[in-house]
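> Under my numbering, the first residue of the sequence shown is numbered 8, with each subsequent residue one higher.
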Amino acid sequence: MNIGILGNGVVANALAEVFHKLGHPVQIGVRDLKEEIEKKHFIEYVDGKDIAEDNEIIIIAVPGNKVEKAVTNIKNPEGKIFIDLTNPIGEDYILTRGRYTSNGEVIQEILKDSHIVKTLNTLGVEKLINPCVNEKKLTMLLAGNNKIANKKVEELLFEMGFDPMLIGDIHFSRYLEPLAMIWIEMVRKQGKSFENGLIWIR
Ligand SMILES: NC(=O)c1ccc[n+]([C@@H]2O[C@H](COP(=O)([O-])OP(=O)(O)OC[C@H]3O[C@@H](n4cnc5c(N)ncnc54)[C@H](OP(=O)(O)O)[C@@H]3O)[C@@H](O)[C@H]2O)c1
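1) Could you give the DSSP three-state label for Ile-50: helix, strand or coil?
2) On the premise that Val-160 lies in contact with Ile-117, defined as a C-beta separation below 8 Å, what is that separation, rounded to the nearest angstrom?
3) Across which residues does DSSP place Ile-35 in a beta bridge pair?
4) Taking 7 Å as the cut-off, does the CB of Asp-14 come closer than this to any heavy atom belonging to ligand 1?
5) Measure the Cβ-Cβ separation of Glu-75 and Ile-177 and say whether it is below 8 Å.
6) Looking at the secondary structure, which residues open and close the alpha helix (DSSP H) in which Phe-26 lies?
7) If Ser-109 and Lys-87 are in contact, beta carbons under 8 Å, what's the gap, nearest whole angstrom?
8) Considering just the uninterrupted stretch of the beta strand (DSSP E) at Pro-171, what are its terminal residues?
9) By a C-beta neighbour count over all protein chains shown, 10 Å radius and 16 as the cutoff for buried, is Lys-28 buried or exposed?
10) Report the residue ranges of all alpha helix (DSSP H) runs contained in full by the stretch 142-194; include only those spanning at least 4 residues, in chain order.
11) Report the three-state DSSP secondary structure of Ile-81 (helix, strand or coil).
12) Run through the DSSP bridge pairs and tell me what Val-140 is partnered with.
13) Relative to the C-alpha of Leu-127, which candidate in Leu-102, Phe-165 and Lys-119 has its C-alpha closest?
14) Report the rounded CA-to-CA distance for Ile-67 versus Ile-123, giving the unit in angstroms.
15) Report buried or exposed for Phe-49, applying the criterion of at least 16 other Cβ atoms within 10 angstroms of its Cβ.
16) Across the stretch 95-106 and the stretch 133-153, are there enough close Cβ pairs to call them in contact, namely three or more that are closer than 8 Å?
17) Please report the straight-line C-alpha distance between Ile-81 and Asn-20, rounded to a whole angstrom.
18) Between Tyr-52, Thr-93, Asp-61 and Lys-56, which has its C-alpha nearest Asn-72's C-alpha?
19) What three-state label does DSSP hand Asp-120 in the structure shown?
20) Grab me the residues of Ile-191's own chain with a C-beta within less than 7 Å of its C-beta, minus the 5 sequence neighbours each way, in chain order.
21) What residues match up with Asp-61 in a beta bridge as DSSP calls it?
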C-alpha cells in the first residue's frame, strides 16, 4: 500500500522507516521542494500539495497548530484516508483545542469528502516505532467516521505492532488529543521515560 506523509520532521521520518521496513512505498510531502533537505534513499519527496495523488493513506505529521494551512492546500483529497496524529499544542504546552472540538474534527470539516482517522497521537515517537513494553503489545486507540477507512487503519496499526482499538467516530478526537498531554507532561515535569504506553484490558 502506498503511504504518504505530510511533514518531514521527527515523527514523519521515524514512521517512514517503519513503513519502508514493512514493505510499503513511502512519499513525504514537503512545503518547498526546492529547499535543500537531507534525503533518504527509500523515500520519494513530493510537494505537500500533491501528497494525496498517489497514496491510499496519508499521515498528517505537521505541528498541531499548523494543520488547517497544511491540509487546505492538498489537491484531490476526496475519498482518501488521512491519519491525523497531530496534537493541538501551543506555546507553553497548552492545548489550544478541546472540549468542543479537536484537530481531528477540524480536519474532517476541511476535507469533508475524505476519511479522517485520529490515532497515533497518544504516544511518543519512541513507542510509535516500537509499540511494546515487557513483551506486551501497546493498545492504540483510534476514532473515525468511515467503517472501511477505520478497518484499513486498524490493519496498518496491527502491522506496526499495535493492538488497535476503535473507540468511536471522529468526535472522539477531542478525548484522544488531551490524552497525549498525560505522557507529555509526565515526561516534561516528572522526568518519566518516554517508554510508557497504555494497555487496555478487555
Ligand atoms: N514527537 C512526538 O513524539 C510525537 C508523537 C505523537 C504525535 N506527535 C505530533 O506529530 C506532529 C509532528 O510532530 P514532530 O515532532 O514530527 O514535529 P516536527 O519535527 O516539528 O516536524 C513537523 C514537520 O511539519 C512540517 N510542516 C509544517 N507545516 C507544513 C505544511 N504546511 N506542509 C508540509 N509540511 C509542513 C515541518 O516543516 P518545516 O521544517 O519546513 O517547518 C516539519 O517537517 C505534531 O502535531 C505532534 O504533536 C508528535
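Cβ coordinates follow ideal geometry from the N, Cα and C atoms, glycine included. Everything numeric in this text was worked out from a predicted model, so none of it was measured.
On the basis of the coordinates in this document:
1) The residue given as residue 50 occupies position 43 in the sequence shown. Ile-50 falls in the strand class under three-state DSSP.
2) Residue numbering aside, residue 117 sits at position 110 when the sequence shown is read from its first letter. Residue numbering aside, residue 160 sits at position 153 when the sequence shown is read from its first letter. In fact, because the Cβ distance is near 19 Å, the residues do not count as touching under 8 Å.
3) Against the sequence shown, residue 35 aligns to sequence position 28. Residue pairing by DSSP places Ile-35 opposite Ile-12 and Tyr-52 in a beta bridge.
4) Along the sequence shown, read from residue 1 onward, the residue named residue 14 stands at position 7. According to the sequence shown, residue 14 is Gly rather than Asp. Indeed, a heavy atom of ligand 1 lies less than 7 Å from the Cβ.
5) Sequence index remark: in the sequence shown, residue 75 carries index 68 (1-based). Sequence index remark: in the sequence shown, residue 177 carries index 170 (1-based). Against a cut-off of 8 Å, the Cβ pair of Ile-177 and Glu-75 comes out as no contact.
6) By 1-based counting over the sequence shown, the position of residue 26 is 19. Start and end: 17-28.
7) By one-based count along the sequence shown, residue 109 stands at place 102. By one-based count along the sequence shown, residue 87 stands at place 80. With a Cβ gap of about 20 Å, Ser-109 and Lys-87 do not count as contacting.
8) Walking along the sequence shown from the start, residue 171 turns up at place 164. Here the beta strand (DSSP E) through Pro-171 covers 170-175.
9) By 1-based counting over the sequence shown, the position of residue 28 is 21. Looking at its Cβ environment, which holds fewer than 16 other Cβ atoms inside 10 Å, Lys-28 is exposed.
10) Within the stretch 142-194, the complete alpha helix (DSSP H) runs of at least 4 residues are 154-167.
11) As a first step, residue 81 must be located in the sequence shown, where it is residue number 74. Residue state for Ile-81 is assigned as coil, using DSSP reduced to three classes.
12) For the purposes of this step, residue 140 is taken as the residue at position 133 of the sequence shown. For Val-140, which the question treats as bridged, DSSP gives the partners Lys-143.
13) In the sequence shown, residue 127 corresponds to position 120, counting from 1. If we check each option's Cα against that of Leu-127, Phe-165 comes out closest.
14) As a first step, residue 67 is located in the sequence shown; it is residue number 60 there, counting from the start. As a first step, residue 123 is located in the sequence shown; it is residue number 116 there, counting from the start. Cα-Cα distance, rounded: 10 Å.
15) Against the sequence shown, residue 49 aligns to sequence position 42. Here Phe-49 is exposed. Its C-beta has fewer than 16 other C-beta atoms within 10 Å.
16) The stretch 95-106 makes no contact with the stretch 133-153: fewer than 3 CB pairs, one atom from each, lie closer than 8 Å.
17) On the sequence shown, position 74 is the one that residue 81 refers to. On the sequence shown, position 13 is the one that residue 20 refers to. Taking C-alpha positions only, Ile-81 is separated from Asn-20 by approximately 20 Å.
18) Locating residue 72 in the sequence shown gives position 65, counting from the first residue. If you compare the alpha carbons of Tyr-52, Thr-93, Asp-61 and Lys-56 with that of Asn-72, the shortest gap goes to Thr-93.
19) Within the sequence shown, the letter at position 113 stands for residue 120. Asp-120: coil per DSSP, three-state reduction.
20) For this step, residue 191 is matched to residue 184 along the sequence shown. Tyr-100, listed in sequence order.
21) Position 54 of the sequence shown, counted from the start, is the residue given in the question as residue 61. Answer by DSSP bridge pairing: none, since Asp-61 is not bridged.
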